[in-house]
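Before any comments, here is the structure.
In UniProt numbering, the protein residues as written are 1 to 217.
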């Protein structure tokens, strides 16, 4: 059973990592929606906060509400279209840091499991070998502690909840995940998933640029 989602967005200032005439790069806090939610009381979000200070900010992609980290916005329609293609054509390269439950055997691996919506339990996603869309994630251990493992996750596709479901399928749910974790793994103060790095081509120069948001856990 998925717990009711109580939306209490953090009252924190914007964290702008980089800006120029074409793009804005921010460090999104955990607990803040990227875009307005459909239900009443969920209008406060990163894009509305940003547009209050940078009226020309345009959405390019999203992070889950409970995920923190680097996210990019465009400042012109041309830049928005170009950056959208960077993600759609998988030219954008992302890495995440996560703390997961349990001690993973091995040091690295590749997960190739198709994902689809678990319709009776939305927004939950699930491994679906019959109707799911292809999804691939690389993982690498970067730290170990009693009962948990710190991993670097590199998604090669951008499915909804991909990293969360893939780590669950591996038997190591991400700590603090309100949808997929259970028991002691739920005791973390937040979802321990952070978008650490993003690299893509700049919409004006067409050169590769890279951004990094410091890991808060």
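Virtual Cβ for every residue (Gly too), placed ideally from N, Cα, C.
CB of residue i within 8 angstroms of CB of residue j, strictly
i           : j           : result
residue 180 : residue 164 : yes
residue 75  : residue 56  : yes
residue 133 : residue 114 : yes
residue 46  : residue 26  : yes
residue 83  : residue 173 : no
residue 219 : residue 167 : The chain is shown only over 1 to 217; residue 219 falls outside these bounds and no answer can be derived.
Residue burial classification, residue i (beta-carbon count within 10 angstroms, cutoff 16)
i           : result
residue 103 : exposed
residue 12  : exposed
residue 64  : buried
Residue i versus the options, residue with shortest Cα-Cα distance
i           : options            : result
residue 212 : 45, 32, 94, 21     : 94
residue 100 : 210, 123, 139      : 139
residue 153 : 131, 196, 159, 184 : 196
residue 28  : 193, 150, 145      : 193
residue 160 : 150, 117, 198      : 117
residue 7   : 207, 66, 105, 169  : 66
residue 5   : 14, 33, 20, 22     : 33
residue 44  : 15, 77, 10         : 10
Terminal residues of the alpha helix (DSSP H) in which residue i lies
i           : result
residue 81  : 77-88
residue 230 : The structure shown has nothing for residue 230, since the chain only spans 1 to 217.
residue 53  : 46-53
Boundaries of the beta strand (DSSP E) in which residue i is found, first to last residue
i           : result
residue 199 : 193-201
residue 95  : 93-101
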